[in-house]
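Novice: Mind looking over this structure? Questions follow.
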Amino acid sequence: MKKMLLLAFIMTIFAAGAAYSAGDTLVVGYQYDATSFDPHATSDIGSQNVMVQIYDPLMKVNEKGELVPHLAESVEKTGDLTYKFTLRKGVEFHNGEPLRASDVKFTFQRAINESQAINYVVSNIDPDGIDIIDDYTFTLKIKKPDASFLAYMAHYGGACILNEKAVREAGDDYGVRPVGTGPYKFTGWIKGDRITLEGNDAYWGEKAKIKNIVIRPITEATNRTIELETGGADLAFSVQPLDASRIEDNPKLKLLRNIDTGVYTIGMNMSRKPLDDIRVRQAISLAIDSEALNRAVYRGVGSAGRTVIPPAIPYYDDTAPEHEYNPEKAKELLDQAGYADGFKLVMVSNENKERIDTMTIAQNMLKKVGIDSEIQVIEWGVYLDKLVQGDYDLCTGGWSCSIYDPDEAVYGAYHSSEIEKGYNWVRLNDAETDRLIEEGRENTDPAKRAEIYKSLQRRINELYPVVVTQIGVELIGMSANLEGVSQNTLNLFDLSKAYFSD
1 MKKMLLLAFI MTIFAAGAAY SAGDTLVVGY QYDATSFDPH ATSDIGSQNV
51 MVQIYDPLMK VNEKGELVPH LAESVEKTGD LTYKFTLRKG VEFHNGEPLR
101 ASDVKFTFQR AINESQAINY VVSNIDPDGI DIIDDYTFTL KIKKPDASFL
151 AYMAHYGGAC ILNEKAVREA GDDYGVRPVG TGPYKFTGWI KGDRITLEGN
201 DAYWGEKAKI KNIVIRPITE ATNRTIELET GGADLAFSVQ PLDASRIEDN
251 PKLKLLRNID TGVYTIGMNM SRKPLDDIRV RQAISLAIDS EALNRAVYRG
301 VGSAGRTVIP PAIPYYDDTA PEHEYNPEKA KELLDQAGYA DGFKLVMVSN
351 ENKERIDTMT IAQNMLKKVG IDSEIQVIEW GVYLDKLVQG DYDLCTGGWS
401 CSIYDPDEAV YGAYHSSEIE KGYNWVRLND AETDRLIEEG RENTDPAKRA
451 EIYKSLQRRI NELYPVVVTQ IGVELIGMSA NLEGVSQNTL NLFDLSKAYF
501 SD
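Start counting the sequence shown at 1; every next residue gets the next number (our numbering).
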């Protein structure tokens, strides 16, 4: 009964916001549906790119890549572990409630105490160290020195400020009844079909230029391009490289190439046999020609990477050895590990053409060294559940940094504490890796951080949890008259500045 009422609620608010006038609506083709609009319930990229429109964080990365105050008017460090924030005045939530320091305290305490999804973002905040000075001023204490702390205050998860009243009124339904302070208000969600947003006329900053946004989850990349060509969409993200020339040659369309912070990998579940044996993981790595795979799948867009930290993020190690391809050595290692006759693996992928192609090519490469594999293609939400539960051997995946700090590239993805929390999907459990991740977070000396992250990248490479198949480059197709689409290298797109030129 509760699910039926919830569906009725979603359908009702969608219908209420569906009467759009011509030219006032931007239709977006996106590869993922959302899973929730509660920033503390998920940090998957499909949900985050909707939350960017709905919420505001305390800090923000501007178009120059600079970290600047956002909902916070100012911030100063008042002690080794203490920060003082002053909030902007005159900011309203979508339900008309004013932004207050009490909402910030509620947000962080809720995130710390209730969220598994973004625990690594807020785990260093002392829940008892948030003190309200007045409605617009508060101090926040962290547990240990943290060079990444302020960068995380720009995270569209941990630092998106919620309205306490709205959260309490919605209860368990908050994930489909989000209330933020952002440039767009949530109006409806028909799962698998569309998400609808409406411009926030009371927005404290520069107001959205297009009144209505319709985000359509279209999993097949070619279909997104077709929708763009036929006018069913004005904007299409993650265009497949094979379709790039179709868009560039069409006078009614244009293509944007955006280097992002995504690192795309074939991940190995280190908790399952025989992948718990480093010789087997190394053999799989040696059996995969990452450069050839990248050329075949991405048609020269981007490149196979050297490490799990992307080049767009500070402290990337550009001196790390390139990935080695050596199938004969792979066979020797499998023989040493007792698998001369091979074995069978289950490889999982979501409904993404590049990821399916990646698995298909990898399957053929592994076959040449005696490893058979079954490919399972799964709907996005079920796929995420499988990764969290560890119900796979190999997976295709991506990890994008939502902040300009290497901590997010490694903490959630490779720290052992994140296994139970649902993010360390490869289940890497290594004391040396944990130590380096923690030192990198806590050390505030840039030169020392550079040394730490260089050692960390080498250590992770030595353990073979993943094969890096691409450093992200996003291809974005759009109508020729669409202007102002902004996507930073953090792989998050801001639609509030978009407009049609005629």
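Ideal Cβ positions, reconstructed from N, Cα and C, are used throughout, including at glycine.
Could you check what DSSP says for R216 in three-state terms: helix, strand or coil?
Specialist: Of the three classes helix, strand and coil, the one that applies to R216 here is strand, per DSSP.
Novice: Whose C-alpha, out of N62, D24, P321, E328, is nearest the C-alpha of S455?
Specialist: Closest by alpha carbon: P321.
Novice: Could you tell me which of F106, R224, Y184 sits nearest to K209, measuring between CA atoms?
Specialist: Ranking F106, R224, Y184 by Cα distance to K209 puts Y184 first.
Novice: Can you tell me whether E474 is buried or exposed, with buried defined as 16 or more other CB within 10 angstroms of its CB?
Specialist: When all chains shown are included, E474 counts as buried.
Novice: For the pair the region 257-265 and the region 378-389, tell me if three or more CB-CB distances fall below 8 Å.
Specialist: Not touching, per the Cβ criterion.
Novice: Am I right that A287 and L366 are in contact with their C-beta atoms under 8 Å? What's the rounded C-beta distance?
Specialist: The Cβ separation is near 5 Å, so the contact holds.
Novice: Please say whether V426 and G267 have beta carbons closer to each other than 7 Å?
Specialist: The answer is yes: Cβ separation under 7 Å.
Novice: So who's on the other strand from Y499, going by DSSP bridges?
Specialist: Note: Y499 sits in a beta bridge opposite E483.
Novice: Can we say the region 335-352 touches the region 384-398, given the rule of at least three CB pairs closer than 8 Å?
Specialist: Touching, yes.
Novice: If you drop the 5 nearest sequence neighbours on each side, which residues of the same chain put their C-beta closer than 6 Å to that of N163?
Specialist: So the qualifying residues of the chain are F93, E97, D103, V179.
Novice: Mind listing, in chain order, the continuous alpha helix (DSSP H) runs of no fewer than 4 residues lying wholly within the region 354-425?
Specialist: You should have 380-389, 406-414.
Novice: What distance in whole Å lies between the Cβ atoms of Y264 and G472, which are believed to be in contact at a cut-off of 8 Å?
Specialist: Going by Cβ atoms, the distance from G472 to Y264 rounds to 6 Å, so yes, they are a contact pair.
Novice: In chain order, what residues of the same chain have a beta carbon less than 8 Å from the beta carbon of A22, not counting five sequence neighbours either side?
Specialist: A caution first: A22 carries a pLDDT of 43, below 50, which makes its placement in the model too unreliable to give a value.
Novice: Quick check on this structure: which residue in G390, F500, L293 has the alpha carbon closest to the alpha carbon of R355?
Specialist: Closest option to R355, Cα to Cα, is L293.
Novice: What is the rounded straight-line gap between the Cα of G29 and the Cα of T107?
Specialist: G29 and T107: Cα-Cα distance of roughly 31 Å.
Novice: Rounded to whole angstroms, what's the CA-CA distance from R216 to F493? Just pull it up for me.
Specialist: For R216 and F493, the distance between alpha carbons rounds to 15 Å.
Novice: Among S43, K368, G390, which one has its Cα closest to the Cα of G175?
Specialist: Answer by Cα proximity: S43.
Novice: Within its chain, find whatever has a CB closer than 6 Å to the CB of A159; leave out the 5 residues flanking it on each side and keep chain order.
Specialist: Around A159: P57, L58, M153.
Novice: Find out if the Cβ-Cβ distance for the pair A101, I132 is shorter than 7 Å.
Specialist: Yes, they are a contact pair.
Novice: Touching or not, the region 269-286 and the region 325-344, by the rule of three or more beta carbon pairs under 8 Å?
Specialist: Output reads yes: the region 325-344 touches the region 269-286.
Novice: How many angstroms separate the CA atom of N352 from the CA atom of A221?
Specialist: Rounded to whole angstroms, N352 to A221 spans 7 Å at the Cα level.
Novice: Using the rule of at least 16 other Cβ atoms within 10 Å of the residue's Cβ for burial, across every protein chain shown, is G440 buried or exposed?
Specialist: Buried is the call here.
Novice: Which residues does DSSP list as the beta-bridge partners of R194?
Specialist: Answer by DSSP bridge pairing, in chain order: I190.
Novice: Can you give me the Cβ contacts of D134 inside the same chain, cut-off strictly under 8 Å, excluding the 5 residues immediately before and after it?
Specialist: A101.
Novice: Could you tell me how far apart the beta carbons of V369 and A312 are, in whole angstroms, since I believe they sit closer than 8 Å?
Specialist: So it is not a contact: roughly 33 Å between Cβ atoms.
Novice: What residue range is occupied by the uninterrupted alpha helix (DSSP H) comprising V308?
Specialist: Segment: none, V308 is in no alpha helix (DSSP H) and carries neither H nor E.
Novice: Which residues in the same chain have their Cβ closer than 7 Å to the Cβ of R88, if we skip the five residues on either side of it in sequence?
Specialist: Within the same chain, R88 has close Cβ partners L71, E73, W204.
Novice: What three-state label does DSSP hand R281 in the structure shown?
Specialist: In the structure shown, R281 sits in a helix (DSSP, three-state: H, G or I).
Novice: Count the other CB atoms, across all protein chains shown, that sit within 10 Å of the CB of L150; report buried if there are 16 or more and exposed otherwise.
Specialist: Classification for L150: buried.
Novice: Could you check how far apart the C-beta atoms of G412 and Y423 are, in whole angstroms? I think they sit under 8 Å.
Specialist: Indeed, because the Cβ distance is near 4 Å, the residues count as touching under 8 Å.
Novice: Give me the DSSP bridge partner(s) of D494.
Specialist: Paired residues: S486.
Novice: Can you give the Cα-Cα distance for F500 and M478, rounded to whole angstroms?
Specialist: In a straight line, the C-alpha of F500 is about 11 Å away from that of M478.
Novice: Taking 7 Å as the threshold (C-beta atoms), are L253 and A480 in contact?
Specialist: For A480 and L253, yes; Cβs fall inside 7 Å.
Novice: Pick out whichever of I476, G484, K497, E483 has its Cα sitting closest to the Cα of E248.
Specialist: Here the closest residue by C-alpha is I476.
Novice: Which runs of the beta strand (DSSP E) fall wholly inside the region 61-87 and span at least 3 residues, in chain order?
Specialist: Segments of the beta strand (DSSP E) lying fully in the region 61-87: 67-69, 72-77, 82-87.
Novice: Output the distance between the C-alpha atoms of L197 and I213, rounded to the nearest integer angstrom.
Specialist: Going by the C-alpha atoms only, they are around 5 Å apart.
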